[in-house]
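Residue numbers (mature numbering (1 follows the signal peptide of the UniProt record, and there is no 0)): -19 to -1, 1 to 296.
Cβ atoms here follow ideal geometry from the backbone N, Cα and C, with glycine treated the same way.
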């Protein structure tokens, strides 16, 4: 089990929980009262649907709260496009509806509605895992964080706040404009949930897991409340989330410490030059304190079309 856990951490692979919410006293609550408390007009839900429980009711309530945020199989290509937004062809399933809130309040509502309706649900951030049901569900409610796109750099504290609807390539492009980078995924198409499962970075030899560079997590808990978990507040959750995925709550944002700027050494795709690429990098880095620790990796990048690039960090 330990070896499996270490392997998962090294890949940044962490399962998304399929939630089966407990009513917690809410099932006896009047539906109309629940709707009013959440600023949803009771008349927006038809009478037959009001008599149901489960995913049908949950999807109807969320659609009434924000019609553009919910898609159904009947929406055809739009449903397929959003539902298949995974890196692997093995991951897409067939949720009854897909809910994509664009702020923390919307995520909180999704959890409250799923709890009230007693609907099974799953959470998807970047959708990079190839594992079935790690970030999807058949016949239940899928809450996608794709709309949580916040990107804020604080020059005074030199920290980066990022929403979990971003991919690492979005974060890198943003902080690079500030002359900085962060310790994150080695592939741009990986989601930020990498930091809830350890997370291997190009800079891990120097800075450890990507999760070790997170200062705080903003989370929605099972009752729909929102908190910020850090070393100083909710520290138990702060340390649990670093390797526990979303078993403890839905992470919507995180604040990370900065690293240095990022550049690349690129060569055309000629096998003989690949060795020169590595050699040049090591020669440049050999007298530097940390650069020789960077995990070198060749890969396809958009920086130079038709070239293989090696990521390099400069002080």
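- Note on geometry: alpha-carbon atoms of residue 194 and residue 233 lie some 17 Å from one another.
- Taken through DSSP and simplified to helix, strand or coil, residue 37 comes out as helix.
- Residue pairing from DSSP places residue 143 in a beta bridge opposite 132 and 235.
- By the Cβ rule, the region 175 to 193 counts as touching the region 155 to 167, because three or more pairs are nearer than 8 Å.
- Secondary structure of residue 58 (DSSP, three-state): helix.
- Using a 10 angstroms sphere on the CB of residue 210, the tally of other CB atoms reaches 16 or more, which defines it as buried.
- Using a 10 angstroms sphere on the CB of residue 107, the tally of other CB atoms reaches 16 or more, which defines it as buried.
- The Cβ atoms of residue 23 and residue 50 do not sit closer than 8 Å to each other.
- Residue 158 has its alpha-carbon roughly 30 Å from the corresponding atom of residue 201.
- Each residue's CA atom was taken as its position, placing residue 206 and residue 41 some 22 Å apart.
- Look at the beta carbons and you see the region 122 to 140 touching the region 78 to 96: at least three pairs across the two are nearer than 8 Å.
- Of the residues assessed, residue 177 falls on the buried side of the cut-off, its CB having 16 or more other CB atoms within 10 angstroms.
- The beta carbon of residue 192 sits closer than 6 Å to the beta carbons of 176, 179, 180 and 223 from its chain, once the five residues preceding and following it are set aside; these are given in chain order.
- A check of alpha carbon separations from residue 172 across 161, 186, 188 and 153 identifies 153 as the nearest.
- Take the alpha-carbon of residue 137 and the one of residue 230: they are about 30 Å apart.
- The C-beta distance from residue 109 to residue 170 rounds to 6 Å, short enough to fall under 8 Å.
- Ranked by how close their Cα comes to the Cα of residue 117, the residues 197, 156, 71 and 91 have 71 in first place.
- Beyond the five residues adjoining it in sequence on each side, residue 45 comes within less than 8 Å, by CB distance, of 16, 21, 22, 25 and 26 in the same chain, given in chain order.
- Contact between residue 36 and residue 100 is confirmed by a C-beta separation of about 4 Å, below the 8 Å threshold.
- The beta carbon of residue 218 lies closer than 6 Å to those of 210 and 229 in the same chain, with the five residues before and after it left out.
- For residue 197 against residue 221, the beta-carbon gap comes to about 14 Å, at or over 8 Å, which does not count as contact.
- Scanning 74, 98 and 141 for the CA closest to the CA of residue 161 turns up 141.
- DSSP places residue 44 within a helical segment (H, G or I) once states are collapsed to three.
- Between the beta-carbon of residue 128 and that of residue 77 there is about 19 Å, and that puts the pair past the 8 Å contact cut.
- Considering only 135, 98 and 58, the residue with the shortest C-alpha distance to residue 32 is 98.
- Here the alpha carbon of residue 145 sits roughly 11 Å from the alpha carbon of residue 104.
- When the alpha-carbon of residue 88 is set against those of 64, 226, 216 and 203, the nearest one is in 203.
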